[in-house]
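Notes for the one structure printed next.
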Amino acid sequence: SAVISQKPSRDICQRGTSLTIQCQVDSQVTMMFWYRQQPGQSLTLIATANQGSEATYESGFVIDKFPISRPNLTFSTLTVSNMSPEDSSIYLCSVEHSSGRGAYEQYFGPGTRLTVT
Amino acid sequence: AQSVAQPEDQVNVAEGNPLTVKCTYSVSGNPYLFWYVQYPNRGLQFLLKYITGDNLVKGSYGFEAEFNKSQTSFHLKKPSALVSDSALYFCAVTGDYKLSFGAGTTVTVRA
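Protein chains in written order, with our numbering: chain W, 1 to 117; chain C, 1001 to 1111.
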């Protein structure tokens, strides 16, 4: 499995500011994903990030609010822009791992716990 | 569209007793099914998956899951629960590459 790290692990931010979350993988991967886990809730996919192309956003998420970079096959960033208290969540990145049988499980980073005051 | 239902918010069992966490799914085409576990203040850990083949799949930490196509279910099981199994468990399904997660089931194993 891939080893995934995220920075920062947690942060407390003021409303109106922006935070960039970094995700680093120890191997080259094609697809990286960003999820949000709001307090006491399940995971919601924000976007899929492929190297060399624009990220693909899910319904309800837009690039202006959650810009994503994917400069190479081992790294991605997610920025939470113009934050409000409703953005307080855990943000997780994940990568797809091929088992060679056509179905890909995802491995997740430890998450970034964001609190917006 | 694809979706997952975990009908129980919480499951409580005594250590040493069997543990079952329920999951039903809906997906177009063949399902790929997954179980993940989340310990407090940690990310998700992959437990096991079903792609095709044997309906009973074995995973990490002594967990197994049974795929039932007619009931569209993929219940997670462990024959003898440990206190350390106390965590939040998520079932997930995909028909392509995007995972859809259930709401999660909190498992508490009492000593």
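All residues carry an ideal CB built from backbone N, CA and C; glycine is no exception.
It should be emphasised that the depicted structure is a prediction, and the values quoted were computed from it without experimental measurement.
#1: State the start and end residues of the unbroken beta strand (DSSP E) segment that holds W:M31.
#2: Okay, do the stretch 85-98 of chain W and the stretch 1007-1014 of chain C touch, 3+ Cβ pairs below 8 Å being the bar?
#3: By a C-beta neighbour count over all protein chains shown, 10 Å radius and 16 as the cutoff for buried, is C:P1031 buried or exposed?
#4: Cα-Cα, which of C:G1102, C:G1043, C:V1107, C:A1014 is closest to C:V1093?
#5: Counting only Cβ pairs nearer than 7 Å, list the residues of chain C close to W:S106.
#6: Excluding five sequence neighbours on each side, which residues of the same chain lie with their C-beta closer than 6 Å to the C-beta of C:V1027?
#7: Taking 7 Å as the threshold (beta carbon to beta carbon), is W:S42 in contact with chain C?
#8: Kindly indicate the opening and closing residues of the beta strand (DSSP E) around W:I12.
#9: For C:K1078, which beta-bridge partners are listed by DSSP?
#10: For the pair the stretch 70-80 of chain W and the stretch 32-50 of chain W, tell me if three or more CB-CB distances fall below 8 Å.
#11: Determine contact between the stretch 103-112 of chain W and the stretch 1039-1055 of chain C, defined as no fewer than three beta-carbon pairs at a distance below 8 Å.
#12: Is W:D26 buried or exposed, if buried means 16 or more other CB atoms sit within 10 Å of its CB?
#13: Counting contacts by CB-CB distance shorter than 7 Å, is C:G1104 in contact with chain W?
#14: Specify the secondary structure class of W:E86 as computed by DSSP and reduced to three states.
#15: Could you pull the DSSP bridge partners for C:Y1036 from this structure?
#16: Can you name the residues of chain W whose CB is closer than 7 Å to the CB of C:F1034?
In short:
#1: Here residue 31 of chain W corresponds to residue number 31 of the first sequence, with the count starting at 1. Taken as a continuous stretch (DSSP letters only), the beta strand (DSSP E) holding W:M31 covers 31-37.
#2: no
#3: For the purposes of this step, residue 1031 of chain C is taken as residue 31 along the second sequence, with counting starting at 1. The residue is buried, with at least 16 neighbouring Cβ atoms inside 10 Å.
#4: Here residue 1093 of chain C corresponds to residue number 93 of the second sequence, with the count starting at 1. Of the listed residues, the one whose Cα sits closest to C:V1093 is C:G1102.
#5: As a first step, residue 106 of chain W is located in the first sequence; it is residue number 106 there, counting from the start. The identity of residue 106 of chain W in the sequence shown is Gln, whereas the question assumes Ser. Chain C residues near W:Q106: L1099.
#6: The residue given as residue 1027 of chain C occupies position 27 in the second sequence. Correct list, in chain order: Q1002, V1093, G1095.
#7: As a position in the first sequence, residue 42 of chain W is number 42, starting the count at 1. Yes, its Cβ sits closer than 7 Å to a Cβ of chain C.
#8: On the first sequence, position 12 is the one that residue 12 of chain W refers to. W:I12 -> beta strand (DSSP E) spans 10-13.
#9: Translated into the one-based positions of the second sequence, residue 1078 of chain C becomes position 78. Answer is C:L1019.
#10: Touching, yes.
#11: yes
#12: In the first sequence, the residue the question calls residue 26 of chain W occupies position 26. Classification of W:D26: exposed, given that the 10 Å Cβ count is below 16.
#13: Sequence index remark: in the second sequence, residue 1104 of chain C carries index 104 (1-based). Yes, C:G1104 counts as interfacial toward chain W.
#14: Position 86 of the first sequence, counted from the start, is the residue given in the question as residue 86 of chain W. In the structure shown, W:E86 sits in a helix (DSSP, three-state: H, G or I).
#15: By one-based count along the second sequence, residue 1036 of chain C stands at place 36. Paired residues: C:F1046, C:F1090.
#16: Counting from 1 along the second sequence, the entry for residue 1034 of chain C is found at position 34. The answer, in chain order, is E105.
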